[in-house]
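In our numbering, the protein residues as written are 135 to 292. Positions of the beta carbon are idealized from the N, C-alpha and C atoms, including for glycine. For clarity, every value in this text was computed on a predicted model and none was experimentally measured. Data block below; observations after.
This is the structure in structure tokens:
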């Protein structure tokens with residue numbers, strides 16, 4: 135009978151010790167998370183503003199997330215190609231960013247350049263026929279890496 139009592143007390147002591155350890159860890163975690171610096175809050179999903187209130191997710195980021203979560207199309211660019219632009223935008227954004235072509239990745243560029251200006255042009259916008267109709271309202275864009283003859287605007291349809 136004495137052996138059963140000792141095992142029961144040992145089990146009880148083990149449960150009490152485990153509960154005490156859990157409460158100690160929980161209170162320590164709560165204490166450290168409430169006194170964390172604002173720099174460490176950037177890693178969380180919600181951003182805290184200076185007054186301690188939560189701010190909304192920026193609209194371009196939210197739009198891009200919804201767009202990509204609901205689409206099942208294949209990307210127009212490879213991950214490596216997008217990575218090149220991503221690294222530039224990470225260093226330079228917010229900036230004025232010009233995207234040629236209206237594709238499925240348009241919301242992504244606006245989201246990656248949050249706070250900057252992202253303009254998108256369709257390929258037809260830069261063709262000679264369209265430019266002739268719009269004389270006085272726009273200027274000719276010369277893109278050295280894509281032009282066929284020096285001094286001519288970019289037009290992939292010709």
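Residue j and residue i - do their beta-carbons sit closer together than 7 Å?
i, j, result
"residue 233", "residue 254", "yes"
Starting from residue i, follow the alpha helix (DSSP H) in both directions and report where the run begins and ends.
i, result
"residue 223", "213 to 226"
Among the candidates the options, whose CA atom is the shortest distance from the CA of residue i?
i, options, result
"residue 215", "144, 148, 243 and 141", "243"
"residue 199", "246, 218, 144 and 142", "246"
"residue 217", "196, 207 and 239", "239"
"residue 205", "237, 212 and 227", "237"
"residue 224", "210, 140, 249 and 207", "249"
In three-state terms, what does DSSP make of residue i?
i, result
"residue 264", "A caution first: residue 264 carries a pLDDT of 49, below 50, which makes its placement in the model unreliable, though a value can still be read off. Residue state, collapsed to three classes: helix."
"residue 238", "coil"
"residue 153", "helix"
"residue 159", "helix"
Residues in the same chain with beta-carbon distance under 6 Å from residue i, minus the five sequence neighbours each way, listed in chain order, please.
i, result
"residue 241", "197, 198 and 201"
"residue 144", "none"
Within its chain, find whatever has a CB closer than 7 Å to the CB of residue i; leave out the 5 residues flanking it on each side and keep chain order.
i, result
"residue 192", "248"
Go through its chain and collect everything with a Cβ distance to residue i's Cβ below 8 Å, but skip five positions before and after it.
i, result
"residue 298", "Here the chain has residues from 135 to 292 only, and residue 298 is not among them."
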